[in-house]
Each structure stands twice: as structure tokens, then as C-alpha cells.
Amino acid sequence: MSSGPAASRDDPDVDTDVVVLGGGSAGAVVAARLAERGVDVVLVEAGPDYGPLSGGRWPAEILGAAMLATTHDWGYGSGPVPGRAPWTFERARIIGGCSAHNGAIAAVGHRSDYDAWGLPLWRTDVLRPTFAAVLDRMRVRTYTRQEAGPFHARCLEAAVSAGWSVDTATFAGDLCDLDAGDGFGLESVNVADGVRWNTAFAYLDPVRSGTGLRILDETLVDRLDVAPSHVVVHARRGSAPVRVSAQTAVLAGGVYGTPAILQRSGIGDPADLRAAGIAPTHDLPAVGRHLHDHPMVNAGRALGPAMREWLDDAARAGFVPEEQTLGKARSSLSADGVYDLHVFPVCASTQTQLTQGRALVEVACMTPRSRGRLHVVGPDPLVAPRIDHGYLTDADGHDLAVLRDGLRLAETLLDQPALSGALVREGPRDLGDAALRRDVQHYYHPVGTARMGTDPATSVCDERGRVHGLERLVVADASVMPTVPRANTNIPTIVVAERIATMLSAGLTAPS
Ligand SMILES: Cc1cc2nc3c(=O)[nH]c(=O)nc-3n(C[C@H](O)[C@H](O)[C@H](O)COP(=O)(O)OP(=O)(O)OC[C@H]3O[C@@H](n4cnc5c(N)ncnc54)[C@H](O)[C@@H]3O)c2cc1C
């Protein structure tokens, strides 16, 4: 192993064994796991590192888990879309990545999701112990009935009267149980004492001293040069160039960041790269393709006076999370008999703009067939890539039909006596295709832009995360997932990072 100089974050030249590019949900895990196994690791992150939680430097908005944080965002979006408002594609630019600003809902999906990947190292039975360890490490727990705020307590009642299977004693296990089916109940979360428990706290803090980990924060990765014996990372801190030389580079820039770094390095579809003014270095057409995400729409009602009063009382008493309950349901299109919908109520305090004084029931298609793509428009790392999610573009209209079934369920929930008296009745929701296309949002769960597989024509890396034909490059974030699981993707992404870190360190760690 190389022993790099004891670099400060201002050093323009750094040598290391492994460089991890992106310190988000996955990158923090990979860097920590390698460091604790004795590997010399440099972690490069575009956003700030606020140090250990105990240092007290983390912004309150990022720590507080009652609602999504909105600062520290990359500001990605779709650009103009005919006939509707543009989409924003939120991604965090901070150590801990999206785990530092997300909804902190913990879910694992269904065993059929991982078995469908068709990769022996990712069969559900192989993954089970890692899921269990990650849930523990991320301090996942389930809201109790006593913690349910006034809106969500009524949602539980409404689900019972709507005929949903509601078992609040075991539902927690359900959301984090790879074998569980549909039902409605309290959510599981990675929240500890009101703090969103991100991967910087869970994984980096224990290895910040006494290991070979160095963190270069506020350092933007531009591109890579891949040589037979090493990889050189070209980055910049402000306007100052930074160069990191490593035996192995692990890409963990997330589903938008990772393919963009690959493409700027000339790795991708040669025709697309040339069109962007980038000289191709390695032909891999799947880079940036197969972008796969859960499309989402909602039903809603304005808050009546009674509900406003209950919410204001609860806000004065303390913590009122906007999300606490969730239903998993089967649409009429469920092909495998497993749930294909998440139906989850959202209601923030009346003081926030987030739900604009409304109670919403969000509906997400968890088995979408539509795919999109991402590509850089030029070599400049300061220019955002073009992101086209292709929401609701599948030829058979599957995704539209699943969402329409889900909206009917959401309306039924809102019409139950436990809720309807405290909400303002509105006319029937337009369930037509045009209305759904106009309204569709997303559930923040993109994957697939550097997906694993055996065929270099349709995938970017092998099942160990090694980029086809360039084994010194490894991808270890949400972008390797071949298809999106029926889950919020933070816990599955951490499982991906744990597994790839284990495979990588098996080949890297020298005997002591
Ligand atoms: C608003 C929101 C809410 C969500 N809510 C939930 C939820 O409740 N539950 C759940 O399970 N999932 C949720 N998710 C999804 C989940 O957080 C993501 O799937 C997961 O965090 C992805 O992890 P990642 O490591 O692949 O990417 P990220 O966490 O995005 O990490 C990528 C990191 O790389 C850095 N980076 C990127 N490009 C560069 C570059 N060129 N140079 C240097 N650094 C770079 C980024 O700054 C970032 O820190 C949510 C996501 C969002 C955005």
C-alpha cells in the first residue's frame, strides 16, 4: 500500500491507496469501512464537511428531521418542459449527501426486487445480514402510536375504516422486512432524538481520527485519467486545482454525479461524448442511461379549522414530523402479487409553506417501467448535466395506470370519517392522463445510471462495482442498482456501499 503524505485539505497534490469521489450516503460508508480496515483513503466531497456531530458545527436545518432540509442543494432540474412546470431534482451537496437532508424514512423493499437483479452476489438471501447491520448502524426505529401527530393518528383510523390491514404492532418490521406484503402503519425512520441520522454520523465520526482517512471537502471532482497502474483525479477547490493519485478510485457521486464524472473522463457513449466536445477514452454506452425513479402524484384537501388547531397545538408541544404513516398497496396491475404502490399521507405544521396548508396523500408507483437518461453537455464541471427522467413514457401506459389506482386509494383514505370532517371537501380529482402528466412529481429515488450487469453493452460495471474494462474504477452508490427497489432508496444505497466496500477491501487490505 502507498503511504501518502500527511496532506492538509489545501495540498494541491495527494497520493493515496483509494480515493472515494463523493461523500454522500454511500461514499461516507465506503471511505469509513476501508479506513477502519487499515486502508489509506482520501474522500473528496464537493460540499462542506461540518466535522463530527459532537463538534456542534452542523446547521440546525440539516439536523432537524421533522421535515426535508432545503439548503445545500445542487440545484439540478429538467429545464423547460412543454405543458407543465419544470421538475427540480434535489440532491444534497454536503458530507453525508442526501442522507443529510432527506426524509429519513427507512425501508428495504421486497426480496423480489433484489432477486430480479439476477446477480449472484446481490441475491436477497446474501443481502439479509447486511440489511440487518445497516438498520442497526443507522439507528432505525419505528414511530410509536403515542408519537403519532394529530393528522397521522387519524390516518391510522382512516386506514382501518377503509379496510386496510393495519397492524401497528408489527408494521415497523414490515417496512424493514424483505418478505412483508401490503399494509398500512407507522413508518420506520433513521432519526435519533429528533436528529436525522446521516451516514457522516453513523460511519465517518468513529473513524475521523486514528485511521488513514483524509477528507477533502468543498472540492469538486472534474474528471479522471485512468492509467494501467493508477488513477489520477483532477479536481478543484474554488479556483485552485487539486490532483489525487490513487491505486483505485471509487465513484460515489450519486446517480447524477457519478455518470457525469465518467462522461467528463471520456467514458460513455462515444457519439454523445463527441457531441459534447469530449474526446472518448472508453466505450461504455450505458453510462447515464437506464435512469429509473418512482413517479409520484398526490390527492389533497385543504385543512379545516379543527385540523389547523390540532396541528398548531402539536407544533407548540414539540416535534411534528410531516411524514409518519405509510401504506403499501397492490394496484390492479401488480404482476407478481407484491405491492407496487406507496400511499403515504404528508402534513406539515400550518406554519410551513411545504404542503401549503393542505393535507396530502402522496402516491408513488414503486415498479415503474419508464426510463430516462442523463448526459453532460460539455467538459465544464460547473455546468449541470441534462437530466431527462422520462417519467410516464413507458409504451404501455403502465406507470400512469398504477398511479391512477393509487389515487383512488388516496381519495378513499381522505374520505374516511376520521379525516373528512377535519378537511375541506373538494370536487373529484381529475384522473385523466393529461392531468397526471401535468402533475407528476418524483419520490427522490433515482438509480441506474451506472448499473451493474454482465454485458458491457447494457451495463456500466460488474457485480463487484468494477467498471467494465477499467478495473481500477469502482462504482459504489445508487447508480449501480439495475432497477429501483420498492423502497425509499437510502438504506438500500448504504447496503450497496457496505457490500462493495467489503468486496474491495478483501482485495486491498494488506495483512498486518
Ligand atoms: C429530498 C430527498 C428526500 C429523500 N428522502 C428519502 C427518505 O426519506 N428515505 C430514503 O430512504 N431515501 C430518501 N431519499 C433518497 C436517498 O437519500 C438517496 O437514494 C441516497 O441518499 C443516494 O445516495 P448516494 O450515495 O447514491 O448519493 P448522494 O447521497 O447524493 O451522494 C453523492 C455525493 O457526491 C457528491 N458529489 C457529486 N458530484 C460530485 C463531484 N463532481 N465532486 C465532488 N463531490 C461530488 C455530492 O455532493 C454528494 O455528497 C431522498 C432523497 C432526496 C433528495
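Start counting the sequence shown at 10; every next residue gets the next number (my numbering). Every residue, glycine too, gets a C-beta built ideally from N, C-alpha and C.
{"Asked": "Whether or not the segment 116–125 and the segment 444–463 are in contact is what I'm after, with contact meaning three or more pairs of Cβ atoms, one per stretch, closer than 8 Å; do they touch?", "Found": "no"}
{"Asked": "Taking 7 Å as the cut-off, does the CB of G203 come closer than this to any heavy atom belonging to ligand 1?", "Found": "no"}
{"Asked": "Mapping the DSSP letters down to three states, classify I287 as helix, strand or coil.", "Found": "coil"}
{"Asked": "So for T502, helix, strand or coil by DSSP?", "Found": "helix"}
{"Asked": "Taking DSSP's pairing of strands, which residues face M461 in a bridge?", "Found": "C470"}
{"Asked": "Is V264 closer than 8 Å to S87 when the C-beta atoms are compared?", "Found": "no"}
{"Asked": "Within the same chain, show all residues whose beta-carbon is closer than 6 Å to that of S108, passing over the 5 residues directly before and after it, in chain order.", "Found": "S34, N207, T208, N499"}
{"Asked": "Apart from the five residues on each side of it in sequence, which residues of its chain come closer than 8 Å, Cβ to Cβ, to R154?", "Found": "A162, L165, T177, L195"}
{"Asked": "Taking V198 and V23 to be in contact with their CB atoms under 8 Å, please state how far apart those CB atoms are, rounded to whole angstroms.", "Found": "Not confirmed; about 37 Å, so no contact."}
{"Asked": "Cβ of A487 within 7 Å of any heavy atom in ligand 1?", "Found": "yes"}
{"Asked": "Closer than 7 Å: is that where the CB of V27 sits relative to any heavy atom of ligand 1?", "Found": "no"}
{"Asked": "Just verifying my parser: in three-state terms, what is the DSSP assignment at V143?", "Found": "helix"}
{"Asked": "With respect to 7 Å, is the separation between the Cβ of V500 and the closest non-hydrogen atom of ligand 1 below this value?", "Found": "Checking the sequence, you will find Ile at residue 500 rather than Val. Yes, Cβ of I500 sits closer than 7 Å to a heavy atom of ligand 1."}
{"Asked": "Since V504 contacts F140 with CB under 8 Å, what's their CB separation in whole angstroms?", "Found": "6 Å"}
{"Asked": "What separation, rounded to the nearest whole angstrom, lies between the Cα atoms of Y453 and G92?", "Found": "22 Å"}
{"Asked": "Using only the heavy atoms of ligand 3, determine whether one of them is closer than 7 Å to the beta carbon of P390.", "Found": "This structure lacks ligand 3; the ligands present are ligand 1."}
{"Asked": "How should E529 be labelled, buried or exposed, when 16 other C-beta atoms within 10 angstroms of its C-beta is the threshold for buried?", "Found": "Summary: the structure shown does not reach residue 529, with the chain confined to residues 10 through 521, and so no result is reported for it."}
{"Asked": "Express the C-alpha separation of G275 and V298 in angstroms, rounding to a whole number.", "Found": "Here residue 298 turns out to be Arg, not Val, going by the sequence shown. Their Cα atoms are separated by approximately 15 Å."}
{"Asked": "In chain order, what residues of the same chain lie with their CB nearer than 7 Å to the CB of L136, ignoring the 5 residues before and after it?", "Found": "Y123, V504"}
{"Asked": "Give me the Cα-Cα distance between R380 and S248, rounded to the nearest whole angstrom.", "Found": "36 Å"}
{"Asked": "Could you tell me whether any non-hydrogen atom of ligand 1 is closer than 7 Å to the CB of Y453?", "Found": "yes"}
{"Asked": "Note down, in chain order, each residue of its chain lying with its Cβ closer than 6 Å to the Cβ of R146, except the 5 sequence neighbours on either side.", "Found": "A211"}
{"Asked": "When DSSP labels each residue in this structure, what does A189 get in the three-state scheme?", "Found": "coil"}
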